[in-house]
Amino acid sequence: MAPVGPRSGDAIFSSIDRVNAELFTLTYGAIVRQLLTDLEEVEEVNKQLDQMGYNIGIRLIDEFLAKSGVSRCVDFKETAEMIAKVGFKMFLGVTASVSSWDADGTCCSIILEDNPLVDFVELPDTCQGLYYCNVLSGVIRGALEMVSMKTEVTWTRDVLRGDDAYELQVKLLKQVAEEYPYKDDE
Amino acid sequence: MQFFGGSEISPSPPVPTASGNNAHMMYVFNRNGICLLYKEWNRPLHTLNPQQDHKLMFGLLFSLKSLTAKMDPVNADKGNLGVPQLPGQGCSFHSFRTNTYKLSFMETPSGIKIILVTHPKTGDLRESLKYIYSLYVEYVVKNPIYSPGSPIKSELFNTALDQYVRSIS
């Protein structure tokens, strides 16, 4: 059994149902807007978006696995490539690139040239601390946690804050081994 | 891998007719050993209470998986003895057969385990289990009302699953 996953998400992307990109972008915008109104603090909104992303991620992983047919990645490098090339393509229709690996292969950057979440968006002065796409970092964190990788995902570059690309730093904290879930006396 | 495969010494139950249902029962576990779903089609014999039964099944799979990886003569990726494996590490079995039933097993990297127990003469069910996994994704995971880790109550899923399992020959 040689589990070989797809190298790109194009085939899967073309075979699944999609929604209109503008509808998607505007819906996301409306959610962020509402969070800003409800929570008032920009920091709280960042946290909430990350939490929402996490909740999406822990479900999304199963859809990813079922549709991509990926069964395992040999190392974290392959995992990152899989997220960038297959995951982003499948769910957002864009491809990301992976770079800036550290020496032991546990920390890298995922760079998005094109980000469908931010069409029509400009950050006003009052929201300068906002990570508008913070939902994405939560999704990655949640999804990886379900395949036993504890990670820390942070934004290092953001076009809305004046950088030239979107860059997410993904850091592998630890891989959790599967454990027998029952105690002896249960 | 098949245990006791090929030997037809012991008497087998009669092969089900074309219209009959091959499946005995099915389990879905999550990574924490919680039985998300248990379904029964044809199981005249119950020896344990449901809770013990689920626990025994999960324990069997857990041990058998680690055993198959340890015995693997060709793959070096075994982990250390006594240390739990990382998901996806080592090889795993996908079915075993006794003279009275066949158990087919699939585990996803996210730790969902799908087990289908059928008539011993059933063929390879790996693709069927993948299909059941995709049903689970469509009807359970994508259902916003469902909270991950809780037993599955979805009628739609149950119906779709029942229909599909009955169609497996």
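Chains as they are written, first to last, in the working numbering: chain A, 1 to 186; chain B, 1001 to 1169. Quick reminder that beta carbons are idealized off the backbone N, C-alpha and C, glycines included. Owing to the predicted nature of the structure, the values given are computational and were not obtained by experimental measurement.
Hey, could you find the ends of the alpha helix (DSSP H) residue i is sitting in?
i	result
GLN51/A	42 to 68
ARG33/A	21 to 39
VAL153/A	Looking at the DSSP string, VAL153/A is not in any alpha helix (DSSP H); the run it does join, the beta strand (DSSP E), is 149 to 157.
SER15/A	10 to 15
SER1063/B	1050 to 1071
VAL135/A	134 to 146
VAL1165/B	1155 to 1167
LEU1129/B	1126 to 1136
PHE88/A	88 to 92
Could you tell me the boundaries of the beta strand (DSSP E) in which residue i lies?
i	result
TYR180/A	Neither: TYR180/A is in no beta strand (DSSP E) and is coded neither H nor E.
HIS1024/B	1023 to 1029
LYS1039/B	1035 to 1040
PHE1096/B	1095 to 1097
SER99/A	96 to 99
Short of 6 Å in beta carbon distance, which residues of its chain neighbour residue i, apart from the five on each side in sequence? Order them along the chain.
i	result
ILE56/A	VAL139
ASN1158/B	none
GLY142/A	TYR54, GLY57, ILE58
LEU35/A	VAL45, GLN48
GLY9/A	VAL86, LYS89, MET90
ASP1162/B	none
ARG1166/B	ASN1021
TYR182/A	none
SER1195/B	Examination of residue 1195/B is not possible in this model, given that chain B is present from 1001 through 1169 alone.
VAL1171/B	The shown model of chain B, from 1001 to 1169, leaves out residue 1171/B, and the question about it has no answer.
From this set, the options, which residue's C-alpha is nearest residue i's C-alpha?
i	options	result
VAL1117/B	GLU1138/B, ALA1160/B, ASN1032/B, HIS1094/B	HIS1094/B
THR156/A	VAL176/A, GLY129/A, GLY69/A, PHE64/A	GLY129/A
ASP102/A	PHE88/A, LYS89/A, PHE120/A, PHE76/A	PHE76/A
ASP164/A	GLY69/A, TYR180/A, ASP114/A, ALA21/A	ASP114/A
ASN1030/B	SER1066/B, LEU1061/B, ALA1023/B	LEU1061/B
VAL153/A	LEU23/A, ALA21/A, GLN51/A, PHE24/A	GLN51/A
GLU178/A	SER1066/B, SER1128/B, LYS1121/B, GLN1163/B	SER1066/B
GLY1033/B	PRO1073/B, PRO1151/B, ASN1021/B, ASP1162/B	PRO1151/B
SER15/A	ASP62/A, LYS89/A, ARG72/A	LYS89/A
SER984/B	THR1122/B, PHE1105/B, THR1098/B, TYR1101/B	Nothing can be reported for residue 984/B: it is not among the residues displayed for chain B, which extend from 1001 to 1169.
GLY1149/B	GLN1052/B, THR1068/B, VAL1140/B	VAL1140/B
ILE1137/B	ALA1069/B, ASN1075/B, SER1154/B	What sits at residue 1137/B in the sequence shown is Val, not Ile. Checking every option, the nearest Cα to that of VAL1137/B belongs to SER1154/B.
ARG1043/B	ASN1049/B, LEU1037/B, MET1025/B, TYR1133/B	MET1025/B
TYR1101/B	SER1110/B, ILE1112/B, LYS1113/B, GLY1123/B	GLY1123/B
CYS133/A	THR25/A, ILE12/A, ARG7/A	THR25/A
VAL135/A	LEU168/A, GLY69/A, ASP38/A	LEU168/A
ALA66/A	LEU1064/B, GLU1107/B, GLY1059/B	GLU1107/B
GLU122/A	ALA96/A, VAL159/A, GLU40/A, SER109/A	VAL159/A
Tell me the DSSP bridge mates of residue i?
i	result
VAL176/A	BP columns for VAL176/A are empty, so no partner.
THR1118/B	ALA1023/B, LYS1102/B
GLU198/A	It is not possible to answer for residue 198/A, since the shown part of chain A is limited to 1 through 186.
VAL74/A	Answer by DSSP bridge pairing: none, since VAL74/A is not bridged.
LYS1113/B	PHE1029/B, GLU1107/B
Residues in the same chain with beta-carbon distance under 7 Å from residue i, minus the five sequence neighbours each way, listed in chain order, please.
i	result
LEU92/A	PRO116
THR189/A	Any property of residue 189/A remains undetermined from this structure, which presents chain A solely from 1 to 186.
ASN20/A	none
MET1071/B	none
ILE61/A	ALA143, MET146, VAL147
VAL74/A	none
PHE1058/B	PHE1029, GLY1033
Beta-carbon within less than 8 Å of residue i's beta-carbon, same chain only, minus the 5 sequence neighbours each way: which residues are those?
i	result
GLU81/A	VAL98
TYR1131/B	TYR1164
VAL176/A	SER148, MET149, LYS150
VAL94/A	PHE88, LEU112, GLU113, ASP114, ASN115, PRO116
Notebook entry, point to check: In the segment 1140 to 1161 of chain B, which residues sit with their C-beta less than 8 Å from some C-beta in chain A, listed in chain order?
Noted result: VAL1141, LYS1142, PRO1148
Notebook entry, point to check: Which residues, in chain order, does the segment 86 to 112 of chain A contribute to contact with chain B at a C-beta distance below 7 Å?
Noted result: none
Item checked: Members of the segment 1039 to 1059 of chain B that neighbour chain A once the beta carbon cut-off is set at 9 Å -> Close to chain A, meaning a Cβ-Cβ distance shorter than 9 Å, are the following residues of the segment 1039 to 1059 of chain B: LYS1055, PHE1058, GLY1059.
Checklist line | Against chain B: residues of the segment 56 to 72 of chain A by CB proximity under 7 Å | finding: ILE58, ARG59, ILE61, ASP62, GLU63, LEU65, ALA66, SER71, ARG72
Notebook entry, point to check: Any residues in the segment 1108 to 1142 of chain B with a beta carbon nearer than 8 Å to a beta carbon of chain A? Which ones, in chain order?
Noted result: THR1108, PRO1109, SER1110, GLY1111, ILE1112, LYS1130, TYR1133, SER1134, TYR1136, VAL1137, VAL1141, LYS1142
Checklist line | Within 7 Å of chain A by C-beta, residues of the segment 1091 to 1105 of chain B in sequence order | finding: Cβ contacts with chain A come from no residue of the segment 1091 to 1105 of chain B.
Note to self: Counting only Cβ-Cβ distances shorter than 7 Å, please list the residues of the segment 142 to 165 of chain A near chain B, keeping chain order.
What the structure shows: MET146, VAL147, SER148
Next item on the list: Anything in the segment 171 to 184 of chain A with a Cβ closer than 7 Å to a Cβ of chain B? List those residues in chain order, please.
Entry: GLN175, ALA177, GLU178, GLU179, TYR180, PRO181, TYR182
Check: At a Cβ cut of 9 Å, what residues of the segment 1022 to 1035 of chain B count as close to chain A, listed as they run along the chain?
Finding: ARG1031, ASN1032, GLY1033, ILE1034
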